[in-house]
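S.K.: Sending over a structure as structure tokens; questions will come in a sec.
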Amino acid sequence: MQPWETTATEKARAEILGALRNSEEAVSGQALSQQLGIGRNSVWKHVQALRQMGYEIVGRTRQGYRLLSVPDTPYPYEIAHELRTHTLGRYAIYLPVTGSTNDVLRDLAKQGAPEGLVVVADAQVSGRGRRGRVWESPVGGGLWVSVLLRPSLMTAQAPLLALLGAVAVAVAVRKETGLDALVKWPNDVTIGGRKVCGILVEMSAEAEVIHHLIIGIGLNVNLRRDQLPEEVRASATSVLEEYGARVSRVGLLRSILLEMESRYDVLSREGPQTLLEEKRTLSAVLGKEIDVITDSRRLRGLAVSVEDDGALRVRLSDGQEQLFYAGEVSVRG
9 MQPWETTATE
19 KARAEILGAL
29 RNSEEAVSGQ
39 ALSQQLGIGR
49 NSVWKHVQAL
59 RQMGYEIVGR
69 TRQGYRLLSV
79 PDTPYPYEIA
89 HELRTHTLGR
99 YAIYLPVTGS
109 TNDVLRDLAK
119 QGAPEGLVVV
129 ADAQVSGRGR
139 RGRVWESPVG
149 GGLWVSVLLR
159 PSLMTAQAPL
169 LALLGAVAVA
179 VAVRKETGLD
189 ALVKWPNDVT
199 IGGRKVCGIL
209 VEMSAEAEVI
219 HHLIIGIGLN
229 VNLRRDQLPE
239 EVRASATSVL
249 EEYGARVSRV
259 GLLRSILLEM
269 ESRYDVLSRE
279 GPQTLLEEKR
289 TLSAVLGKEI
299 DVITDSRRLR
309 GLAVSVEDDG
319 ALRVRLSDGQ
329 EQLFYAGEVS
339 VRG
């Protein structure tokens, strides 16, 4: 059995949860035993395990089991519940703690893992952002997720998939909360001018052909400002801080996967125009005076447009226009 395939234990627990969700009345241990083809003692053990995972299940003699509440933990059972995608998230691996979800998924991709596999962790101890920066990923407060794609695209088009990830997150946050989430070039998501999400794309390619590509998402969801690293509190935020209330991480993840898949399908069928137009609409920098910071210099100018290949066109102070394919952007004023 491959690591991403569902075990018999996981299937049994998913069936129990499904039966409890779908019934307004208590479900007897005998009924669950018959449905699953296992003994009542095995049913009891599965229920106990689910309780330890945070599911509130009450059981009464001669009445059966009732599901009262579910944890906001991105278990595969919860991701799959009401998931409306065809591919993304249909296989999912949950890890309480890991080094980096991108690293885990990269190893699985080399083993032949299917497109759409999601690895999600409650915490990362070696999370990273672009340019090798550390990405703080504390327990239970965010979505630390990696999604595996096997696109029929050339390596030069890989930045479009980073853009796809950022747009999907921004749209999902907007739909779930009504917040004005924007995409800050090249692939950050901001709310109120503060960074709430970073996207890290890593790929394996040969001869300009992509074998697989991983979209890593680090989204601050239910983190208080004092839980953010002190050095970024002035420039970072969370959905909780902006919305004023906790948001379902699982519901938000399902929404992100749906928005990502729909745009991935359009990109694969029709090309990048629709995605680029959406990016321009959601841009946090177009039409604004910005500083562009590259490895060797810092330039000031007006953000004019996002080109079809994802490059940022900037009109510099001397009137000349220059394209940037990588770097950091800060909005002046």
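The sequence shown begins at 9 in my numbering and counts up by one. Beta carbons: idealized from backbone N, C-alpha and C, even for Gly.
(1) Tell me whether the beta-carbon of GLU90 lies closer than 8 angstroms to the beta-carbon of ARG262.
(2) Kindly give me the distance between the Cβ atoms of ASN195 and LEU171, rounded to whole angstroms, as I take these residues to be in contact under 8 angstroms.
(3) Select from VAL128, GLY173, LEU266, GLY45 the residue whose C-alpha is nearest the C-alpha of ILE24.
(4) Of the residues GLY224, ALA215, ILE101, LEU187, which one's Cα is nearest the Cα of LEU157?
(5) If you count every other CB in all the chains shown that lies within 10 Å of the CB of ASP130, and 16 or more means buried, which is it?
(6) Curious, which full-length alpha helix (DSSP H) runs of at least 4 residues does the region 156 to 199 contain?
(7) How many angstroms separate the CA atom of THR289 from the CA atom of ARG48?
(8) In chain order, what residues of the same chain lie with their CB nearer than 6 angstroms to the CB of PRO79, ignoring the 5 residues before and after it?
(9) Drop a sphere of 10 angstroms on the beta-carbon of ARG277, count the other beta-carbons inside from all chains shown, and report buried for 16 or more, exposed for fewer.
(10) With distances taken Cα to Cα, identify the nearest neighbour of LEU168 among ILE298, VAL35, VAL209.
(11) Which value, in whole angstroms, describes the spacing of the CA atoms of ASN30 and LEU58?
(12) Going by DSSP, what residue range makes up the beta strand (DSSP E) through ALA121?
(13) Please confirm if the region 270 to 287 is in contact with the region 115 to 122, defined as three or more CB-CB distances below 8 angstroms between the two stretches.
(14) Cutting at 8 angstroms between CB atoms, please list the residues of its own chain near ILE298, excluding the five before and the five after it.
(15) Can you look up ARG277 in the DSSP assignment and give me helix, strand or coil?
(16) Using a threshold of 8 angstroms, state whether the C-beta atoms of LEU76 and VAL155 are closer than that.
(17) Considering only C-alpha positions, which residue in the set ARG182, VAL35, SER50 is nearest to GLU18?
(18) GLY341 by DSSP, collapsed to three states: which one?
(19) Can you give the beta carbon distance from ALA178 to VAL191, rounded, assuming they're within the 8 angstroms contact cut?
(20) Measuring alpha carbon to alpha carbon, tell me which of GLN43, ALA253, GLY150 ends up nearest LEU187.
(21) Where GLY200 and GLN235 are concerned, what is the direct C-alpha to C-alpha distance, given to the nearest angstrom?
(22) Classify ARG68 as buried or exposed, calling it buried when 16 or more other Cβ atoms lie within 10 Å of its own Cβ.
(23) Give every residue of the same chain whose Cβ lies closer than 6 angstroms to the Cβ of ALA189, excluding the five residues on either side of it in the sequence, and list them in chain order.
(24) Can you check which of these residues, SER325, ASN228, PRO146, GLU123, is closest to HIS219 by C-alpha distance?
(25) Measure the CB-CB distance between VAL314 and LEU294 and report whether it falls below 8 angstroms.
(26) At what residues does the alpha helix (DSSP H) containing GLN42 begin and finish?
M.R.: So, to answer that:
(1) Yes, the Cβ-Cβ distance between GLU90 and ARG262 is below 8 angstroms.
(2) The beta carbons of ASN195 and LEU171 sit about 6 angstroms from each other, so the pair counts as a contact at 8 angstroms.
(3) The residue among VAL128, GLY173, LEU266, GLY45 with its C-alpha nearest the C-alpha of ILE24 is GLY45.
(4) Nearest C-alpha to LEU157: GLY224.
(5) Result: buried.
(6) Complete alpha helix (DSSP H) runs here, min 4: 166 to 185.
(7) Taking the straight line from one Cα to the other gives about 56 angstroms.
(8) Cβ-Cβ distances below 6 angstroms link PRO79 to GLY62 in the same chain, with the five nearest sequence neighbours on each side left out; the list follows chain order.
(9) ARG277 is exposed by the Cβ-count criterion.
(10) Cα-wise, what sits closest to LEU168 is VAL209.
(11) Those two C-alpha atoms are separated by around 17 angstroms.
(12) Where ALA121 is concerned, there is no enclosing beta strand (DSSP E), given that its DSSP letter is neither H nor E.
(13) When Cβ pairs closer than 8 angstroms are counted between the two stretches, the region 270 to 287 is seen not to touch the region 115 to 122, the count staying below three.
(14) Result list for ILE298: ARG308, GLY309, LEU310, ALA311, VAL322, VAL337, SER338, VAL339, ARG340, in chain order.
(15) Under the three-state reduction of DSSP, ARG277 is assigned to helix.
(16) Contact: no.
(17) Checking every option, the nearest Cα to that of GLU18 belongs to SER50.
(18) Per-residue confidence for GLY341 stands at a pLDDT of 48, beneath the threshold of 50, marking its modelled position as unreliable; the derived number appears in the next sentence. The answer is coil: DSSP assigns GLY341 none of H, G, I, E or B.
(19) Their Cβ separation, rounded to whole angstroms, is 5 angstroms, which keeps ALA178 and VAL191 in contact under 8 angstroms.
(20) Cα-wise, what sits closest to LEU187 is ALA253.
(21) Spanning the alpha carbons of GLY200 and GLN235 requires a straight line of approximately 19 angstroms.
(22) Under this definition ARG68 is an exposed residue.
(23) Excluding its 5 nearest sequence neighbours in each direction, ALA189 has C-beta neighbours in its own chain below 6 angstroms: ALA178, VAL181, ARG182, VAL197, ILE199, listed in chain order.
(24) Measuring C-alpha to C-alpha distances from HIS219 to each of SER325, ASN228, PRO146, GLU123 identifies GLU123 as the nearest.
(25) Closer than 8 angstroms, so yes.
(26) Taken as a continuous stretch (DSSP letters only), the alpha helix (DSSP H) holding GLN42 covers 37 to 44.
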